[in-house]
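S.K.:
Number of protein chains: 6
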Amino acid sequence: MATQMPAPDPEADPRVKAVFDDIRLTRKTDFINNMWRWLAFDPALLERTWREVKEVVGKPSLIDPLTKEMIYIAVSVANNCSYCVHSHTAAARARGMTGEQYGELLAIIGLAGKTNQLATALQIPVDEVFDAAQSGQPGR
Amino acid sequence: MATQMPAPDPEADPRVKAVFDDIRLTRKTDFINNMWRWLAFDPALLERTWREVKEVVGKPSLIDPLTKEMIYIAVSVANNCSYCVHSHTAAARARGMTGEQYGELLAIIGLAGKTNQLATALQIPVDEVFDAAQSGQPGR
Amino acid sequence: MATQMPAPDPEADPRVKAVFDDIRLTRKTDFINNMWRWLAFDPALLERTWREVKEVVGKPSLIDPLTKEMIYIAVSVANNCSYCVHSHTAAARARGMTGEQYGELLAIIGLAGKTNQLATALQIPVDEVFDAAQSGQPGR
Amino acid sequence: MATQMPAPDPEADPRVKAVFDDIRLTRKTDFINNMWRWLAFDPALLERTWREVKEVVGKPSLIDPLTKEMIYIAVSVANNCSYCVHSHTAAARARGMTGEQYGELLAIIGLAGKTNQLATALQIPVDEVFDAAQSGQPGR
Amino acid sequence: MATQMPAPDPEADPRVKAVFDDIRLTRKTDFINNMWRWLAFDPALLERTWREVKEVVGKPSLIDPLTKEMIYIAVSVANNCSYCVHSHTAAARARGMTGEQYGELLAIIGLAGKTNQLATALQIPVDEVFDAAQSGQPGR
Amino acid sequence: MATQMPAPDPEADPRVKAVFDDIRLTRKTDFINNMWRWLAFDPALLERTWREVKEVVGKPSLIDPLTKEMIYIAVSVANNCSYCVHSHTAAARARGMTGEQYGELLAIIGLAGKTNQLATALQIPVDEVFDAAQSGQPGR
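Protein chains in written order, with numbering that gives the first Met the number 0: chain A, 0 to 139; chain B, 0 to 139; chain C, 0 to 139; chain D, 0 to 139; chain E, 0 to 139; chain F, 0 to 139.
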């Protein structure tokens, strides 16, 4: 199901073709997943989203690529985005996530789901030591 | 604010005292944060929650402790639990998270928030290759 | 904090006064909680919301009043509405919820939070027997 | 999938028939979408929901019908209701939403998804000037 | 759809078999629903989750079994977990939930959905009387 | 409360100063709201977020500025972001939102909150006519 279908030939639009070409080049594969094909109806939205993904996910960083994908899985589960859960789980596997690591990831996500609800249910006040405004945590 | 206050002396209950003692021993500190003080009104709930936290967070694992805390932050943000965001951010800092890593973590969480909403808005169908039922992804 | 303050004398508007009078009469108390004072800026919204609350919460029903409040707490926690968590927890206590029942309620909410996240993370397919479209569950 | 199926002939119940007739009359079409067919198992719930939809969506107002549908899309995406995202996107198109407007709507929803998560992650305090309680924003 | 498939014979693992046997014994049925089959890829996660479900749902308690299932439905709807909504609705029916009770439950969940959003939109401050920290609500 | 405090003089960093100057220029005011002061700890995140806000909110478009802010309010309420609800409500007022329009906006958000939960509770299947994949809705 979908709210609209991609155009039959989205790459007829040169701005879309440029993004798709860059995706293929960056990822070293001809496969363009549905996220990009669906966003192609609005070239500006497509360009902006791909630029940000490339910058946040792709560039050299202090967080390794597999950890990044596990964080994406965690957010996608909590936000309940089926497409995103599927695509980031596949991406994490492609980056070497083992079954044991996946099991641990789910244990963390599940436990966080539980303790999040408990803290919300009791409306537990934040300990002073956790509040930067009170503990004087420096800005960086 | 809170929906109920902790008892003035929760450790008068021996089951609560046993959990608090184990928290102090495990974490090598006298500090008991509010989560445990608030859960103490129901000793069974306190015991069960602490046992699970100890098992999931504390035992030797394939995911390093800082990564675990960053995953907790990610889930807590997406679930919008103020207490949890504060406590896990403090815990990640205690495990060495730098300002640069925190900035990257937020970039990932923010981008996931955006792409999650876009995928949900367009109701993008899951690519066959991402669906284990179709791609034959083995169970483990 | 709030996005706007209630008028100094909301009952100067006769439509507001009529709703507030009915709240006082129905609940047998002079206390008007903030929800109603804040909604009073739009009399039509106030009337419509109170009418529905009165109909759903107040009328004789197959679900007893305390159970109703516990269901409200559960939804409010999962939706993360601080005002609602506080007000429905207070209402449940006023209807006799004991500390033991509150502890059990939180255990259920917390466990549901965990299993919800696990089911979403694994994108577990619904068992045929749970799907009314396949199992032939009659409409009523 | 569904948790229960509609009755084979829901309009056998005169209260259901009255609502369905009013839907057909109000919308000038014979098409009754699934929302109403599924709610029909509880005539009181059906009546109350339709009455409110008719009042909020249908009556002359200061917000034009297309804008209303775009707001519904925004809420439905953030609440992650697949049925609602589909039905309100279709309704917005029926009211003239162009592809360009849809692209802009998604850009707003996506950006809000990102900045919402960033504000939540940092637990940014509300600026005094935005707080009606401090800035003295009048009630109406 | 799913992010991974269960192993062809999960009970080849003795830890999985022990849990499945206990599920069959506890529930007096041979039917193992997908939740457990999907969690079986990580025996520790399976054991921990089943132990908690058994303890929270199964043991003698102050909240009757049908009420518990209705609370699970409420949380699952608010958390938007399709699998959970289906399975707990089926479980509630198996425990005797009538169509009338289901209609009332949905009316409560729907109304809470509305008032939650209104309280959040207006950022209504919690009445002092609802705040345990101010009203002196005892811890138990 | 916050998870970290802004640096005492964030504009000592020239990249931060450049963004803050552009915010002042674009908005024609010296006021820099907390969102930007808090993001300043990571200049790249600050730059990327401001660039996107400027592009999505500020440029000439088919959706008028007030409607945009109302859509932001809607998303922020559904995502339950207190900072965002406050800031976008203030922005909508600055763009001329009247009390009547605000009341209508809340009525829509509240009703969507209700019908979203009902559709999710019943797991209502999407009508074929709303599904672009089946109805042949063109891509643009």
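Each residue gets a CB set at the ideal place from its N, CA and C atoms; glycine is no exception.
Going straight from the alpha carbon of ASP41/A to that of VAL18/A, what length do you get?
M.R.: 12 angstroms
S.K.: Determine the burial state of PRO7/C: buried for a count of at least 16 other Cβ atoms within 10 Å of its Cβ, exposed for fewer.
M.R.: exposed
S.K.: If you measure from the beta carbon of THR119/A to each beta carbon in chain F, is any gap under 8 angstroms?
M.R.: Cβ-Cβ to chain F under 8 angstroms: no for THR119/A.
S.K.: For PRO59/D, count neighbouring C-beta atoms within 10 Å of its own C-beta (all shown protein chains included) and say buried if the count is 16 or more, exposed if not.
M.R.: exposed
S.K.: To test your reading of the DSSP string, which unbroken alpha helix (DSSP H) runs of 4 or more residues are found completely within the segment 6–55 of chain F?
M.R.: Runs of alpha helix (DSSP H) with 4 or more residues, each lying fully within the segment 6–55 of chain F, are found at 13–26, 33–38 and 42–52, listed in chain order.
S.K.: Where does the unbroken alpha helix (DSSP H) through LYS67/C begin, and where does it stop?
M.R.: 64–78
S.K.: Pop quiz: ILE123/D and TRP37/F are said to be a contact at Cβ under 8 angstroms. What is the actual Cβ separation, rounded to whole angstroms?
M.R.: 5 angstroms
S.K.: DSSP state of GLN122/A, grouped into three classes?
M.R.: Assigned with DSSP and collapsed to three states, GLN122/A falls in coil, not helix or strand.
S.K.: Taking Cβ positions only, does ARG139/F come closer than 8 angstroms to chain D?
M.R.: Residue placement at ARG139/F is flagged as unreliable, the pLDDT there being 44, under the threshold of 50; the coordinate-derived value follows with that caveat. True, the Cβ-Cβ gap to chain D drops below 8 angstroms.
S.K.: Thinking C-alpha only, which one of ALA120/E, GLU103/E and LEU104/E is nearest ALA111/F?
M.R.: ALA120/E
S.K.: Would you verify that the beta carbon of LYS88/A is, or is not, closer than 8 angstroms to some beta carbon of chain E?
M.R.: Sequence inspection shows Thr at residue 88/A; the Lys mentioned does not correspond to that position. Chain E, which has a Cβ nearer than 8 angstroms to the Cβ of THR88/A, makes this yes.
S.K.: For a cutoff of 8 angstroms on Cβ pairs, would you count LEU45/E as touching chain C?
M.R.: No, because no Cβ of chain C sits closer than 8 angstroms to the Cβ of LEU45/E.
S.K.: Output the distance between the C-alpha atoms of GLY109/F and SER86/B, rounded to the nearest integer angstrom.
M.R.: 32 angstroms
S.K.: Report yes or no: is there a C-beta of chain G within less than 8 angstroms of the C-beta of ASN33/E?
M.R.: Absent from the structure: chain G. Protein chains present are A, B, C, D, E and F.
S.K.: Between VAL125/D and SER134/D, is the Cβ-Cβ spacing less than 8 angstroms?
M.R.: In this structure, SER134/D does not lie closer than 8 angstroms to VAL125/D by Cβ.
S.K.: Could you have a look at GLY102/C and say whether DSSP puts it in helix, strand or coil?
M.R.: helix
S.K.: Cα-Cα, which of LYS67/F, ALA39/F and ILE31/F is closest to ILE144/D?
M.R.: No statement about residue 144/D is possible, as the shown extent of chain D runs from 0 to 139 and does not include it.
S.K.: I want to see whether chain F comes within less than 8 angstroms of MET69/C, judged by CB atoms only; does it?
M.R.: Contact with chain F is absent for MET69/C, since none of that chain's Cβ atoms lies less than 8 angstroms from the residue's Cβ.
S.K.: According to the Cβ coordinates, are THR28/F and THR88/B closer than 8 angstroms?
M.R.: no
S.K.: Using a Cβ-Cβ distance under 8 angstroms, would MET0/A count as near chain D?
M.R.: By the rule that beta-carbons nearer than 8 angstroms mark a contact, MET0/A touches chain D.
S.K.: Quick check on ARG23/A: buried or exposed, where buried means 16 or more other Cβ atoms within 10 Å of its Cβ?
M.R.: exposed
S.K.: Which whole-angstrom value describes the C-beta separation of ARG14/A and GLU46/A, a residue pair presumed to lie in contact below a C-beta threshold of 8 angstroms?
M.R.: 6 angstroms
S.K.: At which residues does the alpha helix (DSSP H) containing VAL84/D begin and terminate?
M.R.: 81–93
S.K.: Which class does LEU61/C belong to by DSSP, given the choice of helix, strand or coil?
M.R.: In the structure shown, LEU61/C falls within a coil segment according to DSSP collapsed to helix, strand and coil.
S.K.: As a quick exercise: from LEU44/C, ASP20/C, ASP21/C and ASP130/C, pick the residue whose alpha carbon is nearest that of GLN100/F.
M.R.: LEU44/C
S.K.: Rounding to the nearest angstrom, what Cα-Cα distance links MET69/F and CYS80/E in this structure?
M.R.: 28 angstroms
S.K.: Using a Cβ cut-off of 8 angstroms (strictly closer), state whether GLN116/E contacts chain F.
M.R.: yes
S.K.: If you run the structure through DSSP and keep just helix, strand and coil, what is ALA131/C?
M.R.: helix
S.K.: My output table needs one value for ALA1/F: the three-state DSSP class, helix, strand or coil.
M.R.: coil
S.K.: Closer than 8 angstroms, CB to CB, is GLY95/F near chain C or not?
M.R.: no
S.K.: Compare the C-beta of ASP41/E with all C-beta atoms of chain A and state if any pair is closer than 8 angstroms.
M.R.: yes
S.K.: May I ask you to report which of helix, strand or coil DSSP gives THR97/E?
M.R.: Under the three-state reduction of DSSP, THR97/E is assigned to coil, being neither helix nor strand.
S.K.: Could you tell me how far apart the beta carbons of LYS113/F and LYS113/E are, in whole angstroms, since I believe they sit closer than 8 angstroms?
M.R.: 4 angstroms
S.K.: Mark ASP20/E as exposed unless 16 or more other C-beta atoms lie within 10 angstroms of its C-beta, in which case mark it buried.
M.R.: exposed
S.K.: Taking the beta carbon of ARG26/E as the centre, do at least 16 other beta carbons fall within 10 Å, making it buried, or is it exposed?
M.R.: With fewer than 16 other Cβ atoms inside 10 Å of its own Cβ, ARG26/E counts as exposed.
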